[in-house]
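Reading the sequence shown from the start, the letters are residues -33 to -1, 1 to 651 in mature numbering (1 follows the signal peptide of the UniProt record, and there is no 0).
Virtual Cβ for every residue (Gly too), placed ideally from N, Cα, C.
One structure is given below, encoded as structure tokens.
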Amino acid sequence: MTLQVFRRSTMELRPLSQLAVLLLLLVAQSACTVRFEIVENTEADETIGQLNFTEQDITVLPCPNLVTVVGNVLKTAVKFDREEIIQLNETRDNILHCTAQLPGSVEDILITVLDVNDNVPRFSELEPVHVLNVTENFNIPNPIQRLEPHDLDNGPNGTVDFHITAGNEEHFFYIGPPLEYEGPDTNRLELFFNRSVDHEMHKIFNLSISLSDHGTPQLSSTQIIIVDINDLNDENPIFIMSVFTFDVEENHTFGPENPFGKVMAVDEDSIPSTMEFSLINENFSPTDVFDYVGLNGETGELYLMTTIDYEADTSLRHFQFSVQVHEEGMEAKVDIARVVINIKDVNEDSPEIYVHIHENSIQENLKDFKILLLRATDKDGVNEPIVQVYPPVSFSSRTVNQLTSITINESLDREVLDYAVFNITVYDQGQPSLASKLTVELFVLDENDNPPTFTEVEYNFITVENVPLDHVVAKVEAKDPDAGENGSVSYTITGVTPAIAEKWFSVDSTTGDISVKATMNYTLASSVTITIKAEDNGTVKNYSTNATTTTVHITISPSITFKPWSYQEHCIPKTQDTLTKIYLEFRTTEKNGLLLYEQSLQGESFMLKIHEGQILAVTQNIIQSRFDEFDVSTNLWISVLYDFREKTLNVSHSEEADLKATLGTHETARYVRQGTDIPISVDI
């Protein structure tokens, strides 16, 4: 036979001698009832006891699946579990009732199953990990959980003690009897709060309760109870700070869609709720603050009602007022906070420069001269201007009470710098920095501090004694870097050597041209030295002398005449001819001479002009020259100059040179300016 059981354990059987004594005692007590005892967890096919009848005489009812009879021996059919037998019995005890149907009579067989400590104590109706949901601020006198310890074992094995071992460090819980019951019954205990619990402070507790029986060996278990503190909507919203301070730039865009800040409040309840913000009429300034500042009642966002100009109205640079918050739908206290708004200046205005110029000019060579005084202001207020000056000279500046004076430290030389440009830049300290610029020109006045200076240390010129009167034979030039009359130069003759030539020359006081005033005589003086003084016309003479002198050397040559020595015509010139080849030979009355020539003819007169030619040969008394197929239409001019000292002929192309020559058949030499047509007679 087999029996399905839910718990299994093993235990040693009591000695057979002890069982036999028990059976004899039971038989002696009653002839109609047979009693046996057996320890639970006895394995199957173990002997329970002996009967006084055999199996042929017995039918064991109603438990044929638990025991069996072999001969007259009563045995276990399955492993006995006391707690399972109790569940099977209608009487809910640990005695197994059997009935033997004997011939002519019925005999009861009672088998008592003795307890073994094989069950762990637990709380009835609780899972090993039990979760309790308790609302915060739970009514303290009421229990939060009934605790019924349960152990299927009997006697000391089923007696249970328990207590909280962990999770109650702050002593929020205790275990005690029900409020309506007073007594020692440990099977009627409950879990209580010692004090009120706030969800915002403690959201969950993990309690460990240890249970143990009095059996041998002692068995124990741990019950986990998780107490989840559920939130109540019992907290009022509060502002995150008592004073909110905002810095707002001027010209911030106004309107609810452009908030500049936000007042924030928190509700420590986890239950979603809606907060409402509002302005209150207390602790505010200026009195019309709410004409300038608005509040979004749902979000707490602050915004400007209009544009604020920092420079326009100083009373609108600071605002103070109060705001309040409360939870929608709750009649609870509100929380109040102060709001401080500081309007910040935006660097939108460039500095302004005011300049007072003492003089717009300065005398050269003057040092430590204060030229201007300037003042810089900025409407943006705190963005204090800073002045920078960039002059081309050394200067110093000094600022007192926002007034900056500029002083030139070095003396100025007008001949080096005739005017100075001061570039003044004023910038503020805003972000970004703005600047204004101003240019001041200072003119440097001239001082007569430079004497005239000749362009040459000395001058050398050559002339012919028979030049016309007023003819310029020499020229000097002196320069003075000063301005105006200080730089205007006048020339005078201060000496002539030899003295006989004093009346021969004069100098133009303005141009420096030296011209002939009387006929020169080569035999009296072939060389003249003239001393010329140059002096400026300044009225103030700052130097010991404002004049300088130079020496002019003029070499005078005798007059020259010449006549044609021979003439040979290769091609008789005609007025209509365009090409003429002519050979001319001349003999001068002096040992040297100079010839100017032209290839065009007008009648029987030879017109002397300047044309390109070639000097073929020079002898002591004869100058040979010829025309080489000149084109009459050509107007090329040259000058042919004779150097009396070196006795050579120099040919140079120049339209500026003066032509010096004696011409034609005249006995007296003539002086010819460039471009002059001179007729001469030629005997053909």
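Looking from the CA of Asn488, the closest CA among Glu469, Glu7, Phe428, Asn433 belongs to Asn433. As the crow flies, the alpha-carbon of Leu81 is around 15 Å from that of Gln54. In the DSSP assignment, Leu55 falls within the alpha helix (DSSP H) that extends over 49 to 55. When Thr486, His166, Ser457 are compared, the shortest CA-CA separation from Glu469 is found for Thr486. Residue range -1 to 6 is occupied by the beta strand (DSSP E) that includes Phe3.
Within the same chain, Cβ atoms closer than 7 Å to the Cβ of Phe47 are found at Ile5, Glu7, Asn8, Thr9, Val80, the five residues on either side in sequence being excluded.
Here the alpha carbons of Glu502 and Asn415 stand approximately 12 Å from one another. Each of Phe159, Asn314, Ile308 was checked against the Cα of Leu401, and the nearest Cα belongs to Asn314. Taking a contact as a CB-CB distance under 8 Å, the pair Glu103 and Leu199 counts as one, their CB atoms being some 5 Å apart. Contact between Asp120 and Asn173 does not hold, since their C-beta atoms are separated by about 29 Å, which reaches or exceeds 8 Å. Residue range 285 to 294 is occupied by the beta strand (DSSP E) that includes Glu294.
For Gly397, the secondary structure class from DSSP, reduced to helix, strand or coil, is coil.
Excluding its 5 nearest sequence neighbours in each direction, Gln291 has C-beta neighbours in its own chain below 6 Å: Ser245, Ile247, Val301, Ile303, listed in chain order.
Beta-bridge annotation (DSSP): Tyr458 is paired with Ala501.
Ala485 sits in coil when the DSSP states are folded into three classes, being neither helix nor strand. Its Cα nearest to that of Ile308, the residue Phe227 stands out among Arg342, Glu202, Glu235, Phe227. Rounded to whole angstroms, Val101 and Asn109 show a C-alpha spacing of 12 Å. Counted as a single uninterrupted DSSP element, the beta strand (DSSP E) harbouring Ser179 occupies residues 171 to 180.
Per the DSSP secondary-structure output, Leu77 pairs in a beta bridge with Arg2, His64.
By the C-beta criterion, the region 420 to 432 is judged not to be in contact with the region 384 to 402, since fewer than 3 inter-stretch pairs fall below 8 Å. DSSP places Ser473 within a strand segment (E or B) once states are collapsed to three. Put simply, of Gly267, Phe336, Tyr270, Phe286 the residue whose alpha carbon is nearest the alpha carbon of Asp255 is Phe286.
Approximately 26 Å separates the beta-carbon atoms of Arg49 and Asn39; this is outside 8 Å, ruling out the contact. Distance check between Leu93 and each of Cys(-2), Gln190, Met242 places Gln190 closest, using alpha-carbon atoms only. The count of Cβ pairs closer than 8 Å, one atom from the region 458 to 469 and one from the region 379 to 397, stays below three, leaving the stretches out of contact. Sorting Ile131, Lys229, Asn197 by C-alpha distance to the C-alpha of Thr212 places Lys229 at the top. The beta carbon of Asn332 is closer than 6 Å to those of Ser378, Glu414 in its chain, skipping five residues each way along the sequence. Per DSSP, Gly134 lies in no beta strand (DSSP E) segment and is marked neither H nor E. Straight-line spacing of the CA atoms in Glu115 and Glu202 works out to 37 Å.
In summary, Phe410 is exposed, with fewer than 16 beta-carbon neighbours lying within 10 Å of its beta-carbon over all protein chains present. For the 7 Å CB-CB criterion, Ser482 and Ile523 do not form a contact.
Looking from the CA of Ile275, the closest CA among Glu243, Thr241, Asp312, His293 belongs to Asp312. By alpha-carbon distance to His325, the top candidate from Val306, Thr132, Thr374 is Thr374. Annotation: the continuous beta strand (DSSP E) that includes His323 extends over 319 to 324. Distance from the Cα of His138 is smallest, within the candidate group Glu157, Pro145, Arg162, for Arg162.
Residue state for Ile207 is assigned as coil, using DSSP reduced to three classes.
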